[in-house]
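Before any comments, here is the structure.
Number of protein chains: 2
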Amino acid sequence: MQEHAGTSLVATPALVIDESILDANIARTAEFVASAGLALRPHVKTHKSIEIARRQLAAGAVGITVATLSEAELFAEAGFDDIFIAYPLWIDESKTAILEHVLRLSSVILGVDSVDGVRQIARLGRARSGRLSLLVEVDSGHHRSGVQPQDAGTLAAAAQDAGLEVAGVFTFPGHSYSLETRESAARDEQRSLSIAAASLADRGIQPRIVSGGSTPSLEFVRSSILTEVRPGVYVFGDAQQWELGTTSPESIALTVLATVVSRSPGRIILDSGSKVLGADRGAYSSGFGRLLDYPDARITALSEHHATVVGPDLPLGSRVRVVPNHVCAAINLIDEYLVASADDRDRFGSWPIDARGRNR
Amino acid sequence: MQEHAGTSLVATPALVIDESILDANIARTAEFVASAGLALRPHVKTHKSIEIARRQLAAGAVGITVATLSEAELFAEAGFDDIFIAYPLWIDESKTAILEHVLRLSSVILGVDSVDGVRQIARLGRARSGRLSLLVEVDSGHHRSGVQPQDAGTLAAAAQDAGLEVAGVFTFPGHSYSLETRESAARDEQRSLSIAAASLADRGIQPRIVSGGSTPSLEFVRSSILTEVRPGVYVFGDAQQWELGTTSPESIALTVLATVVSRSPGRIILDSGSKVLGADRGAYSSGFGRLLDYPDARITALSEHHATVVGPDLPLGSRVRVVPNHVCAAINLIDEYLVASADDRDRFGSWPIDARGRNR
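Line by line, the protein sequences give chains A and B.
For reference, each letter of the first sequence is one residue, going -13 to 346 in the working numbering.
For reference, each letter of the second sequence is one residue, going -13 to 346 in the working numbering.
Dropping the structure here:
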C-alpha cells in the first residue's frame, strides 16, 4: 500500500475506502453464503481491484465473475485462474486473440444466450480444450439478455453438438432493484433457474453450476436449486442499497470525500459531480447520492463538477462524505482508492483501480 | 497519430471520431463566433484532448476553458498559456502547490463566487503576480453556483482589496438545456451579465472580460454585452444537442461503435452500456442515447454493459454507431479516441484522451 499524508492534503473529490468496514462486509457475506450452502463467485466489476478480489478469495470465494473480456484479461494476468464472464460475448476477430490469451492463463466460463453466439465461440482453436465451459443465460424477469428458461436445454444441446462443454445455467435478477420486488425477484430467479436446469436435464445435460444472485435479492436466496451466487455491490454498499434497505449507513465502506465550494440561500454546492459520482439514478432514489453524515440532506441536482445539496448549512471549505448512488459506476471514474487503514484510520494508503476503463 | 487496422479488428465498444466532421464543427463555430464579434474560449472538458484543443486555437480561439485544477495542470504542461478555470475552486493546502505550479506555466483566470473563496486565493505567494486574474461568477438562472448579478461588484471590490486582479464576470446559462428555454436562457445570460458588469463599473472596476455561452444558447448570443463565449459540446455534438435541435445527425463527430450481442422478440442488446455511454438523461431525452443510422430506434434501458434497443431488428454481431446523450460524460470513461482520418475514412488512428479522469 502506497502511503499518503493525512486527509487535509488529499485533493477532493477523492474515493475513500474504510478498510475495516470493507473487510467486515467481505467476511459477513462469505459467512452468509456458506451457511446457505452456496458457493460465492463475487462480481468484481464493482471494485475492479486485484487487492479486493484477493481478499474475497481468501474469505472463501470459489472464483470471480467479470463483465467483459478485458476485465478477464487483467485478472487472469494477475493470477486469477477461475473466471466467469457473465455476459453473452460476441467473439469476432477483434476478440479471438484476447480470449485465447486468457484461456492460456485461466479456466474460463462464458455466458451464452444464442446459437449464433455459441458458433462464434466454437470457431476458437483446440488450444482451449478443457479450460473453457459455458453457462446458458436465462431471463428471469429483468428482460435484458438471456433465453426463456424452458429454451435453455435446446441451446445447451446445440453447444454440446458444437463440441463445447456446458456447465449449467445462470441468471441476473436485476428486477430486484426496486423497493417492492427484492423478494419476488429472488423467487423469479429460483423458479426460472429451476425450469432451465430441468430443461438441460431433459437433454441429458446435468448442470453442475446453477448461478444467480444480485445484492438486493441475496438475503432471500435458497440453495435447493442454486449452487452459487454472484453479488458484487455488497463489498462497498452504496446509496441504492441504503435506500433499498439492503445495507445500513454503518456498513458503507466507500465514500467520495468532497468539499463545499459554493453556498447560496437554501443550498450548498459540493465539488463531487457526475464525473466522480456517476449519473445513475433509480426510480426509487431520493436524489443523486447521499451524505453519509447528514442522512436528511438531499442531492437535488448533479452536473459534471457540481452536486447541489439541500439540507445542511455547512461553511465553505467543509469536507463531507458522499455515498454514490451506484458504486460500480463511481469506481470506474477514477484511478485509485484512498484507503483508511484498519490498523490506524488516520493513516491513508492507496490501491489502484486496476481494471478502471476495461469495459470492452 | 498511432495507426490501427480496419474497424473489424477494433474491439467494441469504442469511441470513434470522424475527423472531417470534427474539423468542420470547429471551423463553423469559430466563424460564427468571430462574425458575432466575440472571442471564443472553448471548454475542453468536452474532449479532454490536447490535439483537439490545439485545433481550436488554430481556428482562432483566444484560450481554453477547463473545469478543474488538474485539467488546467495537464493543459498548462502541454504548453497552453491562457487558461480559465470556470469553477469556484476552494484553494486549500491540498491544491495550493498545484495552482502555483500551473501559474508558473500559464496565465490563469479563476472563477470566484464568495469572499471566503477570494481569501483562500489571496493566501497564494507573490510569485503568481501578473499571471492570475479573477472572473466573478454570476447566477443567470441555472441556480447552481454564482452570486446574484447585482452583488458581483461587491465581491469584485473585495477581491481588489485583497490585492487580486478582477478581469470581469462570467456565467453558465445551463438552464438552456431544455426544449423551451434555449432562447430565454440566452436572454437571461445577457441580462444578468449586463447587470453584473454595471455593478463592477459602479465600484470603478471596468470589466475587460464578460464571458458566457453554452452550446444550446450559443446561436442567440449577442455581442453588445458579452466579450467572449465558452461552448464545449459543439466540437462533437451528442444526442442531447440532436434532440434539443442545436445540431443535426450529419454534424455529429463522435459515436460509440457497438455490437449487437443479444436478441429477443422486440429488442436487441448492444454492448455499449453506461460504463461507455454514461448514464446522463435529460427530462427531454427520448432515451439513453441515439443510434446514428436508425433515427427511429430508442434506447429504452441502460445497464453497465447492456443497452436495450427497441426498433431495428438487426442480426447478432452487427455493428452500429451509438450517439451518447452527453458526450462530456462518455469521453471521460475511456482512454483513447479512434479517429477516422479526414484523408481516408478507412484508415484509423488514435488520440489519447489526455485529461481523462482529471476531475479534481
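Where is the CB? At the ideal position from N, CA and C, for every residue including glycine.
Because the structure is a prediction, the values reported are computed rather than measured.
Nonlocal neighbours in the same chain, by C-beta distance under 6 Å from residue i, ignoring five residues either side
i        : result
B/Pro135 : Val124, Ser178, Ile181 and Ala182
A/Gly49  : Arg27 and Asp68
B/Ala113 : Per-residue confidence for B/Ala113 stands at a pLDDT of 49, beneath the threshold of 50, marking its modelled position as unreliable; the derived number appears in the next sentence. Cβ within range, chain order: n/a, list empty.
B/Ser250 : none
B/Val296 : Arg253, Arg284 and Thr286
A/Thr233 : Gly223 and Gln227
A/Ser126 : Thr157, Pro159, Asp174, Glu175 and Ser178
A/Ala316 : Leu263, Gly264 and Pro310
DSSP-derived helix/strand/coil call for residue i
i          : result
A/Thr241   : strand
A/His292   : strand
B/Pro298   : coil
B/Ser336   : strand
B/Thr32    : helix
B/Glu(-11) : Interpretation of B/Glu(-11) is limited by its pLDDT of 49, a score under 50 that renders its predicted location unreliable; the figure taken from the coordinates is listed afterwards. Correct three-state label for B/Glu(-11): strand.
B/Asp67    : coil
B/Ala(-3)  : coil
B/Ile3     : strand
A/Leu277   : strand
B/Leu75    : coil
B/Arg284   : strand
A/Val207   : coil
B/Arg189   : coil
A/Ala326   : strand
B/Asp9     : helix
A/Pro202   : coil
B/Cys143   : Looking at the sequence shown, residue 143 of chain B is not Cys but Ala. Helix, per DSSP.
A/Ile320   : coil
A/Glu175   : helix
Chain D contact for residue i (CB, 7 Å cutoff)
i        : result
B/Ala265 : Structure shown: chain D not included; protein chains present are A and B.
Contacts around residue i, its chain only, beta-carbon distance under 7 Å, and the 5 residues preceding and following it disregarded
i        : result
A/Ile12  : Arg41, Gln42, Ala45 and Val221
B/Asp188 : Gly139
A/Val196 : Gly154, Val155, Leu179, Ala183, Ile211, Leu212 and Thr213
A/Val325 : Met(-13), Ile3, Glu5, Phe334, Gly335, Ser336 and Trp337
Neighbour flag for residue i against chain B, beta carbons, 7 Å
i         : result
A/Pro338  : no
A/Ala113  : Because the pLDDT at A/Ala113 is just 49, under 50, the model does not fix this residue reliably, and the value given afterwards should be weighed accordingly. So no, A/Ala113 is outside the interface.
A/Ser185  : no
A/Arg345  : The sequence shown places Asn at residue 345 of chain A, rather than the Arg named in the question. A/Asn345 counts as touching chain B.
A/Asn318  : yes
A/Val(-4) : yes
A/Asp321  : yes
A/Val262  : yes
Residues bridged to residue i (per DSSP)
i        : result
A/Phe156 : A/Glu123 and A/Ser197
A/Ala25  : A/Glu214
A/Leu118 : A/Val94
B/Ile348 : Residue 348 of chain B is absent from the model: chain B starts at -13 and stops at 346.
A/Ile50  : A/Ile69
B/Val306 : B/Ala244
B/Val133 : B/Val124
CB contact below 7 Å: residue i versus chain A
i         : result
B/Gly268  : no
B/Val88   : no
B/Arg333  : no
B/Ala142  : no
B/Gly303  : yes
B/Arg(-1) : Reading off the sequence shown, one finds Pro at residue -1 of chain B, where the question assumed Arg. It does: the Cβ of B/Pro(-1) has a partner Cβ on chain A nearer than 7 Å.
B/His291  : yes
B/Ser178  : no
B/Val2    : no
B/Asp102  : yes
B/Ser248  : yes
B/Ser358  : A question about residue 358 of chain B goes unanswered here, because the residues of chain B that appear run from -13 up to 346.
B/Thr245  : yes
B/Arg130  : yes
B/Asp299  : no
B/Asp224  : no
B/Asp174  : no
Close-in-space but distant-in-sequence residues of the same chain around residue i (CB under 8 Å, 5 per side omitted)
i        : result
A/Pro281 : Pro235
A/Gly149 : Ala108
B/Ser271 : Ala225, Gln226, Glu229 and Asn311
Contact test: residue i Cβ vs the ligand NAP heavy atom, cutoff 6 Å
i       : result
A/Ile71 : Summarising the ligand content, the structure contains no ligands, and the ligand NAP is consequently not present.
Chain A contacts made by the region 25 to 52 of chain B, where a contact means CB separation under 7 Å: Lys31
Members of the region 54 to 84 of chain A that neighbour chain B once the beta carbon cut-off is set at 9 Å: Thr54, Leu55, Ser56, Tyr73, Pro74, Leu75, Trp76, Asp78, Glu79, Ser80, Lys81 and Ile84
Members of the region 141 to 172 of chain B that neighbour chain A once the beta carbon cut-off is set at 8 Å: Gly160
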